[in-house]
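So the sequence shown is numbered by the numbering used here: it starts at -15 and just counts up by one. Just so you know, even glycine gets a beta-carbon here, dropped at the ideal spot from N, CA and C. No experiment lies behind these values; they were computed from the predicted model shown. Read the structure below first, then the notes.
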Amino acid sequence: MKSRSQLHPGYAEPPQYCYITVNDCSAAWGSKNIFHTVRFQVRSLFNSPVLVSTYATEMVANTVNTYVNFLATTNGRDKVYRFVQYFARFYSWYLLRQNSKDAYLAVEKLKAHLGLARRRKPIEMVQGIANSYSVKDTVLRICNIGKCGANGLYFIYDMLCWIDSVGLYKFKNIKKYNDHSNRYWLYAIVFSWLAGLYRLRQLYLEYGVLKRVQAVKTEAGGSTANNKLQLANLSTIKNGVLYQFVIDSLDMIIPLAGLNYIHLNEGVVGTVGAITSFMGGVSQWEKSASK
């Protein structure tokens, strides 16, 4: 009996197998763009079962490992609690508009108690200041020291505000402490924002130089493989710095609103905080996936 390809010369037989390695599958799952096309191994497109159980098991195992690594970091846990806090801030604003006072009070208590998860941050800020002295670039070193110092003071005042909010001790000047908290947080974000702007300028200049070198080599008929690799690595670094720059730009809205420099309702502030927490969580997830 003749096959369909013999009967119809223009017909191409379907492939018996489509292969993808476990590492490729894991990389696609762990990347920021999880919608990459993934072709699993298939045995007979018409009458045999799809053999994906091994790959599915590997994907689940890698996801669980990434999740464990993510929550094992202080920064990962902080992003989760921070997201819940700011979402609760938005949700309490929404409930208050709906006159759901009982639910509003419950969410407010949740906001206060979740703040406990961030009490160890000042210690990490001191460690960050010590590590900043090893940075060779003067501008980045000053920005890192300023950011860590301001963040440490922010978390100290934020801790005092948390103590007052849960009723452990009532301060007479809690409004002043809250303003100090927002002010030092704003300083920390500004230092981070300036460092990001400075780093982006450096990276764009370096990228432009490499592009010109590549163009000269191409005209001369030389090899550009090394330049392409350098450009790819530089582009990855640049995208990461730009991503953090966007987070800092959005985060700046929250302390500005807290200090009444701009006037926004709790719903907007809560939404912005939830978005930046999620974005920061994605970055930390990527770092955890690479371990």
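Q: My understanding is that Tyr171 touches Ala134, with C-beta atoms under 8 Å, so please give their C-beta distance in whole angstroms.
A: About 4 Å; that satisfies the 8 Å criterion.
(Q) Need the endpoints of the alpha helix (DSSP H) that Val197 sits in, please. (A) 158 to 204
(Q) Counting beta carbon pairs with one atom in the segment 164 to 182 and one in the segment 134 to 151, are three or more of them shorter than 8 Å? (A) yes
Q) DSSP on Met143, reduced to helix/strand/coil? A) helix
(Q) I need the boundaries of the alpha helix (DSSP H) containing Val150, first residue and last residue. (A) No alpha helix (DSSP H) holds Val150; DSSP gives it neither H nor E.
Q.
Rounding to the nearest angstrom, what Cα-Cα distance links Lys63 and Ala241 in this structure?
A. 21 Å
Q) Which residue comes first and which comes last in the alpha helix (DSSP H) that contains Met236? A) Looking at the DSSP string, Met236 is not in any alpha helix (DSSP H), and its letter there is neither H nor E.
Q) To the nearest whole angstrom, what separates the beta carbons of Thr71 and Gly251, a pair I think is in contact under 8 Å? A) Checking the sequence shown, residue 71 turns out to be Phe, not Thr. Their Cβ separation, rounded to whole angstroms, is 11 Å, which puts Phe71 and Gly251 out of contact at 8 Å.
Q) Buried or exposed: which applies to Val256, given that a residue is buried once 16 or more other Cβ atoms fall within 10 Å of its Cβ? A) buried
Q: May I ask you to report which of helix, strand or coil DSSP gives Lys85?
A: helix
Q) When the Cβ atoms of the segment 183 to 198 are set against those of the segment 207 to 224, are three or more pairs found closer than 8 Å? A) yes
Q. Where does Ser165 land, buried or exposed, given buried means 16+ other C-beta within 10 angstroms?
A. So Ser165 ends up on the buried side.
Q) Cα separation between Tyr117 and Asp232? A) 23 Å
**Q.** Residue from Thr47, Ser219, Tyr161 whose Cα sits closest to the Cα of Leu187
**A.** Ser219
(Q) I'd like the span of the alpha helix (DSSP H) that includes Ile246, first residue to last. (A) From DSSP, Ile246 is part of no alpha helix (DSSP H); its letter is neither H nor E.
Q.
Only counting the same chain, and skipping five residues up and downstream in sequence, which positions put a Cβ closer than 6 Å to that of Phe74?
A. Gly251, Gly254, Thr255
(Q) Below 8 Å on the Cβ atoms is my contact criterion, and I expect Leu152 with Phe229 to pass it. Report the Cβ-Cβ distance as a whole number of Å. (A) So it is not a contact: roughly 37 Å between Cβ atoms.
Q) Would a C-beta distance cut-off of 8 Å place Asp235 and Thr202 closer than the cut-off? A) no
Q. Roughly how many angstroms separate the alpha carbons of Asn157 and Leu89, rounded to a whole number?
A. 23 Å
Q. Where does Gly257 sit, in a helix, a strand or coil, going by DSSP?
A. In the three-state reduction of the DSSP assignment, Gly257 falls in the helix class.
Q: For Gly130, I'd like the list of residues in its chain whose CB is within less than 6 Å of its CB, leaving aside the five on either flank, ordered along the chain.
A: Phe175
(Q) Excluding the 5 residues flanking Ala179 on each side, which residues of the same chain have their C-beta closer than 8 Å to its C-beta? (A) Val123, Leu124, Cys127, Asn128, Lys131
Q.
Taking 8 Å as the threshold (C-beta atoms), are Leu184 and Val119 in contact?
A. no
Q. Do Asp148 and Lys154 have their CB atoms nearer than 8 Å?
A. yes
Q: Give the straight-line distance between the Cα atoms of Glu270 and Trp177, rounded to the nearest whole angstrom.
A: 22 Å
Q) Among residues of its own chain, excluding the 5 on either side of Met263, which ones have a beta-carbon nearer than 6 Å to its beta-carbon? A) Short of 6 Å from the beta carbon of Met263, and not among the five residues preceding or following it, lie these beta carbons of its own chain, in chain order: Ile231.
Q. Just the Cα atoms here: how many angstroms apart are Gln268 and Leu55?
A. The alpha-carbon separation between Gln268 and Leu55 amounts to approximately 10 Å.
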